[in-house]
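Working notes for the structure below.
Number of protein chains: 2
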Amino acid sequence: MNSEEVLFVMTLPRTLTRDLPQRVGDEVRLQGWIHRRRRLASVTFCVLRDRSGLGQVVVKDPAELRQLDELGEETVIDVTGTAVANPQAPGGVEIVEPTLRPLTDPAEPSPVELWRPSLTATLPTLLDNAPTTWRHPRRQAVWQLAAATLHGFRSALLDLDFTEVQTPKVVGTATESGANVFGVDWFGTPAYLAQSPQFYKQTLVGVFERVFEVGPVFRAEPHDTVRHLAEYVSLDAEFGFIDDHRDVLKVLREVVAGMVDAVATRAAPAVEQLELTLPVVPETIPLLHFRDALKMLRADPDEVDLSPEHERALGRWGLEEHGSDFVAVEGYPMAKRPFYTHPEPGDPRWSNSFDLLFRGLELTTGGQRLHRYADYLSALAAKGESPEAYTGYLDAFAHGMPPHGGFAIGLERWTARLVGADNVRETTLFPRDLHRLAP
Amino acid sequence: MNSEEVLFVMTLPRTLTRDLPQRVGDEVRLQGWIHRRRRLASVTFCVLRDRSGLGQVVVKDPAELRQLDELGEETVIDVTGTAVANPQAPGGVEIVEPTLRPLTDPAEPSPVELWRPSLTATLPTLLDNAPTTWRHPRRQAVWQLAAATLHGFRSALLDLDFTEVQTPKVVGTATESGANVFGVDWFGTPAYLAQSPQFYKQTLVGVFERVFEVGPVFRAEPHDTVRHLAEYVSLDAEFGFIDDHRDVLKVLREVVAGMVDAVATRAAPAVEQLELTLPVVPETIPLLHFRDALKMLRADPDEVDLSPEHERALGRWGLEEHGSDFVAVEGYPMAKRPFYTHPEPGDPRWSNSFDLLFRGLELTTGGQRLHRYADYLSALAAKGESPEAYTGYLDAFAHGMPPHGGFAIGLERWTARLVGADNVRETTLFPRDLHRLAP
Numbered sequence: 019m020n021s022e023e024v025l026f027v028m029t030l031p032r033t034l035t036r037d038l039p040q041r042v043g044d045e046v047r048l049q050g051w052i053h054r055r056r057r058l059a060s061v062t063f064c065v066l067r068d069r070s071g072l073g074q075v076v077v078k079d080p081a082e083l084r085q086l087d088e089l090g091e092e093t094v095i096d097v098t099g100t101a102v103a104n105p106q107a108p109g110g111v112e113i114v115e116p117t118l119r120p121l122t123d124p125a126e127p128s129p130v131e132l133w134r135p136s137l138t139a140t141l142p143t144l145l146d147n148a149p150t151t152w153r154h155p156r157r158q159a160v161w162q163l164a165a166a167t168l169h170g171f172r173s174a175l176l177d178l179d180f181t182e183v184q185t186p187k188v189v190g191t192a193t194e195s196g197a198n199v200f201g202v203d204w205f206g207t208p209a210y211l212a213q214s215p216q217f218y219k220q221t222l223v224g225v226f227e228r229v230f231e232v233g234p235v236f237r238a239e240p241h242d243t244v245r246h247l248a249e250y251v252s253l254d255a256e257f258g259f260i261d262d263h264r265d266v267l268k269v270l271r272e273v274v275a276g277m278v279d280a281v282a283t284r285a286a287p288a289v290e291q292l293e294l295t296l297p298v299v300p301e302t303i304p305l306l307h308f309r310d311a312l313k314m315l316r317a318d319p320d321e322v323d324l325s326p327e328h329e330r331a332l333g334r335w336g337l338e339e340h341g342s343d344f345v346a347v348e349g350y351p352m353a354k355r356p357f358y359t360h361p362e363p364g365d366p367r368w369s370n371s372f373d374l375l376f377r378g379l380e381l382t383t384g385g386q387r388l389h390r391y392a393d394y395l396s397a398l399a400a401k402g403e404s405p406e407a408y409t410g411y412l413d414a415f416a417h418g419m420p421p422h423g424g425f426a427i428g429l430e431r432w433t434a435r436l437v438g439a440d441n442v443r444e445t446t447l448f449p450r451d452l453h454r455l456a457p
Numbered sequence: 019m020n021s022e023e024v025l026f027v028m029t030l031p032r033t034l035t036r037d038l039p040q041r042v043g044d045e046v047r048l049q050g051w052i053h054r055r056r057r058l059a060s061v062t063f064c065v066l067r068d069r070s071g072l073g074q075v076v077v078k079d080p081a082e083l084r085q086l087d088e089l090g091e092e093t094v095i096d097v098t099g100t101a102v103a104n105p106q107a108p109g110g111v112e113i114v115e116p117t118l119r120p121l122t123d124p125a126e127p128s129p130v131e132l133w134r135p136s137l138t139a140t141l142p143t144l145l146d147n148a149p150t151t152w153r154h155p156r157r158q159a160v161w162q163l164a165a166a167t168l169h170g171f172r173s174a175l176l177d178l179d180f181t182e183v184q185t186p187k188v189v190g191t192a193t194e195s196g197a198n199v200f201g202v203d204w205f206g207t208p209a210y211l212a213q214s215p216q217f218y219k220q221t222l223v224g225v226f227e228r229v230f231e232v233g234p235v236f237r238a239e240p241h242d243t244v245r246h247l248a249e250y251v252s253l254d255a256e257f258g259f260i261d262d263h264r265d266v267l268k269v270l271r272e273v274v275a276g277m278v279d280a281v282a283t284r285a286a287p288a289v290e291q292l293e294l295t296l297p298v299v300p301e302t303i304p305l306l307h308f309r310d311a312l313k314m315l316r317a318d319p320d321e322v323d324l325s326p327e328h329e330r331a332l333g334r335w336g337l338e339e340h341g342s343d344f345v346a347v348e349g350y351p352m353a354k355r356p357f358y359t360h361p362e363p364g365d366p367r368w369s370n371s372f373d374l375l376f377r378g379l380e381l382t383t384g385g386q387r388l389h390r391y392a393d394y395l396s397a398l399a400a401k402g403e404s405p406e407a408y409t410g411y412l413d414a415f416a417h418g419m420p421p422h423g424g425f426a427i428g429l430e431r432w433t434a435r436l437v438g439a440d441n442v443r444e445t446t447l448f449p450r451d452l453h454r455l456a457p
């Protein structure tokens, strides 16, 4: 190259691998990670990975080949060369006559072989090496579903005139359940990590009528199960001026439809990569009363909860009878619901609340809450609790609150159901549980 | 009314007060809080507040007047009546011949008079009574700016192909600064609240190239200042394949412009209510080297930080010389920057980092980070720290990381600058500091 050509190549803007099909015949610059090197007799194929996918670079020059030999997989490089059509190459385009330039020192060998089509590592290996294992294209795709979901959740609620809020994650009293809270040393004063934004989102219905929040919640779950994390991302919504919990279910239906829609449109490459069938969200989600669900399942009519087998059976019923991946069960026994739950008018054994099952597993709990100050005082008295610990929360009700309700969706659990993962740890970037605080 | 009319009124859908101008002549239903009652000789004006604003209801019927007397301000009611044009009424429309129906018990008197145009309460009163004081229209408007900002931040970054991430807020080691961390009892193991998502967002540049996160961060600040909170909302971005910190500043410029744009378009009523002049974000933010800033300020050339007075003077300089509410200062002394900061090539006294000043106050710190594994080992050794405590973080660099950088914006501080609030507690829904854990 003469000096003019050198200058041209130095200032050539970067092309993403996904845009190569539009650049056939051009001199291009790629930047990314060495995903794989395939050495043949006279040529080495270097597959480059960037945020948009993979691109093939054909290396023949002996000096470039020697350099490539010294740079292990995962080394970050800059490649300039000519984009040419080749039906055999991924995406139908490859880079020939490349000039390679490392952007870092050669990478240490990866703890797992990221170039294999699927990661076969055990879950502990996957989690211990999260900084590198998330680089695998299929792992990246899993998180892209989660990221698109966050966008869909917010968009659906903004369209419905909700206001986003941000509430504190450290609280002065361990109120909502008492058990399973993490203690924090707050400048020498005992404090706690918030188990949910429940009290704050209700309080803020008194301000903005309709609110949502995306944020971490903390549960000191002493059990090691595939469905529980000690810290997870909760998608919370709460809103006022409802008739009852069915208005909440209607908004939840819009939100879930918005989430699926965002995944389909914003994470289309991820859906394709993982070969997913996205769920169908019917206009009206099939709805059963808890009492009738027990009857249909031939379960003990005095049961106060549904077993995992019951949930799976209801999932099958929804799909077979209504063509729906979602089933809602309303009226859960008050005995199993938190103190702020609104009872069913006329029969306080049941509640104005529901669970939403997604493919036979509980995804969400939602419902109508109490809204009268006097009802809160009675509910706390019935629990044997003093209202003093709830002062800030009760203030909202003393000063006028509309009938309201809401729901919360666990992000990791939602993504796990979408991809059919057995363990929510597979859909969490850096999970936290009884045994895991790192990476 | 005959029974057909009763049925009609019962099923009448709700109208928001902001939509009343389109409903003149119609029978409408309003729902909201009694914001104010103004009793005149022959009539009482009841101002109703809903999430969209205020609406005037004209009450003359003796039975309705008696009822209204019993329902204090802040009681939530349902009103049906006829919308009629009246140029004297707020919005030019009022409701006549209303039927009032309370949706809760009468509210207790509010701790502050929410119907006054401005809240004159002291800051402690404002904060102690946050569940009700946020109901004041001007307070609501302040948070609407914050909510719109969150939308603008994310939109700008999604448009630039960033991926949203969610990282853990409880970590196993107190690494980033060592001091000012809150301890957590994690199932009997000592753990800490994350001071920032810094390590995780850098790690994830190795996965997604471009990431952002909105979430809480925790600083055990032992000082009580108007600019610091112990928990705040951090808007973080980090991305790879940069030349240096000026690429970071370019993205930050786009993000700030997106935030201002979202405030202007999505929170227009709030901007109007607070009579704000939104900042101008120039195409190129005026940029000074730290060394030259000291010179211009006639400060000691060995200074390693800018004083508040210096920042204010630079703010005036930006406005007078460049018509800009923003000024960037690059090259801050390495001595004052964290260990992962990339030094200025050629003169390691200075760093490839910057502060962004907004109206004469530091809003953001950003810059280029180290990206070579060996540089991290040296930087930690220079600090006298062992790399073992940083294992998960260092993994990302050992396995190939591109040149990268990023920034973080404190949501509360941004909103405080927008509205000209002296204290960040005024722009936080439920602030947490040395002395405050409730409400």
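If you're matching them up, the sequences are chains V and D in order.
If you're matching positions, the first sequence starts at 19 in my numbering and goes up one per residue.
If you're matching positions, the second sequence starts at 19 in my numbering and goes up one per residue.
C-beta atoms are modelled at their ideal positions from N, C-alpha and C, and glycine is treated no differently.
Select from the options the residue whose C-alpha is nearest the C-alpha of residue i.
i: Gly50/D; options: Gly43/D, Lys219/D, Leu72/D, Val42/D; result: Leu72/D
i: Ser252/D; options: Tyr350/D, Leu337/D, Gln216/D; result: Gln216/D
i: Gln213/V; options: Val189/V, Cys64/V, Trp204/V, Asp203/V; result: Val189/V
i: Asn13/D; options: Lys219/D, Ala192/D, Arg41/D, Asp146/D; result: The structure shown has nothing for residue 13/D, since chain D only spans 19 to 457.
i: Ile260/D; options: Leu176/D, Ser173/D, Val322/D, Asn370/D; result: Asn370/D
i: Ser70/D; options: Phe344/D, Gln291/D, Val183/D, Gly333/D; result: Gln291/D
i: Pro356/V; options: Val75/V, Thr383/V, Glu82/V; result: Thr383/V
i: Gly423/V; options: Val183/V, Arg264/V, Thr143/V, Phe200/V; result: Arg264/V
i: Ala275/D; options: Pro297/D, Thr138/D, Glu321/D; result: Pro297/D
i: Pro351/D; options: Arg334/D, Asp310/D, Glu338/D, Leu58/D; result: Asp310/D
Give the secondary structure of residue i by DSSP, where H, G and I count as helix, E and B as strand, and everything else as coil.
i: Ala285/D; result: coil
i: Arg275/D; result: The question names Arg, yet the displayed sequence has Ala at residue 275/D. Correct three-state label for Ala275/D: helix.
i: Gln213/V; result: coil
i: Gln74/D; result: strand
i: Pro142/V; result: helix
i: Asp14/V; result: For residue 14/V there is no data in the structure shown, the boundaries of chain V being 19 and 457.
i: Tyr250/V; result: strand
i: Leu222/V; result: helix
i: Gln40/D; result: helix
i: His328/V; result: helix
i: Gln184/V; result: coil
Are the CB atoms of residue j and residue i within a distance shorter than 8 Å?
i: Thr181/D; j: Val229/D; result: yes
i: Pro39/D; j: Gly109/D; result: yes
i: Gly224/V; j: Pro149/D; result: yes
i: Gly258/D; j: Glu231/D; result: no
i: Val77/V; j: Val94/V; result: no
i: Gln85/D; j: Ala288/D; result: no
i: Arg377/D; j: Asp343/D; result: yes
i: Gly170/V; j: Met277/V; result: yes
Can you name, in chain order, every residue of its own chain whose Cβ lies under 6 Å from the Cβ of residue i, other than the five neighbours on each side?
i: Trp133/V; result: His53, Arg54
i: Thr117/D; result: Thr98
i: Glu92/V; result: Trp51, Ala125, Ser128
i: Gly336/D; result: Pro304, Ser342, Val345
Ordered along the chain, which non-local residues of its own chain (more than five positions away) have a Cβ less than 7 Å from that of residue i?
i: Glu249/V; result: Pro234, Phe236, Arg450
i: Leu315/V; result: His328, Ala331
i: Leu381/V; result: Leu374, Leu375, Ile427, Arg431, Trp432, Arg435
Taking residue i and residue j to be in contact with their CB atoms under 8 Å, please state how far apart those CB atoms are, rounded to whole angstroms.
i: Ala166/D; j: Ala280/D; result: 5 Å
i: Pro240/V; j: Leu452/V; result: 7 Å
i: Ser128/D; j: His417/V; result: 6 Å
i: Leu398/D; j: Tyr408/D; result: 7 Å
i: Phe200/D; j: Val202/V; result: 6 Å
Could one say the Cβ of residue i lies closer than 8 Å to chain A's Cβ atoms, at least one of them?
i: Arg55/V; result: Given the protein chain composition of this structure (V and D), no chain A is represented.
Indicate, with yes or no, if the ligand GTP has a heavy atom lying under 7 Å from the CB of residue i.
i: Pro142/V; result: No copy of the ligand GTP occurs in the structure displayed, which carries no ligand at all.
For residue i, which residues from the same chain have a beta carbon less than 8 Å from its beta carbon, with the 5 sequence-adjacent residues on both sides left out?
i: Gly43/V; result: Thr100, Ala101, Val102
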